[in-house]
Amino acid sequence: MTVNTHAHITSWVVAIILFVIAATILNKSGKEKAQKIVKMILRLFYLFILATGLLLLFGGVAIDGEYIGKAILGILSIGFMEMILARSSKGKPNGLFWALLIIVLVLTIALGMRLPLGIWG
Ligand code: HEM
């Protein structure tokens with residue numbers, strides 16, 4: 001368990017909450033200005049996720065395929081969140097991307113929990 005693991009978990013939990021608010025409630029109610037602000041804060045949290053993830057990655061572990069997979073899945077999760085936000089503000093259908101996001105998120109979290117650093121051991 002490291003300080004970074006805590007910061008990493010906090011960052012993605014907050015990001016997921018902000019993403020869901022921006023992609024659902026704010027998108028459906030057409031509150032564009034509020035959505036813009038939440039998206040800006042969300043992007044800051046992407047940077048926190050990335051920074052804390054990279055610190056964990058280069059913090060002394062032996063980087064193997066699982067770690068590389070974890071980093072790729074984490075980056076894909078952020079990518080799908082951004083795609084959903086971009087497409088929903090254009091009113092495009094998003095079902096496929098929600099499904100992909102959920103799959104990738106579950107895999108990211110499962111692999112993160114499996115790997116040795118962190119609160120699940
Ligand atoms: C939405 C995106 C992400 C989610 C949901 C996520 C989720 C998690 C989870 C659940 C853990 C395990 C924490 C613990 O065991 O206490 C973790 C650890 C970790 N994450 Fe992420 N992560 C994300 C993005 C990233 C990114 C972008 C990177 C790298 C650039 C990254 C690198 C790591 C590393 C290196 C660990 C430590 C693994 C270990 O040895 O336990 N993560 N992440």
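Numbering (the working numbering), first residue to last: 1 to 121. Backbone N, C-alpha and C fix where the C-beta goes; we use that ideal spot for every residue, glycine too. Note that this is a predicted model, so its numbers are computed, not measured.
Straight across, the Cα-Cα distance linking Ala23 with Pro116 is about 33 Å.
For Val38, the closest C-alpha among the options Leu101, Ser77, Leu57 and Glu82 is that of Glu82.
In the DSSP assignment, Val13 falls within the unbroken alpha helix (DSSP H) covering Val3 to Val20. The three-state reading of DSSP puts Val104 in helix, counting H, G and I together.
Taking non-hydrogen atoms of the ligand HEM into account, the C-beta of Val106 is found less than 7 Å away from none of them.
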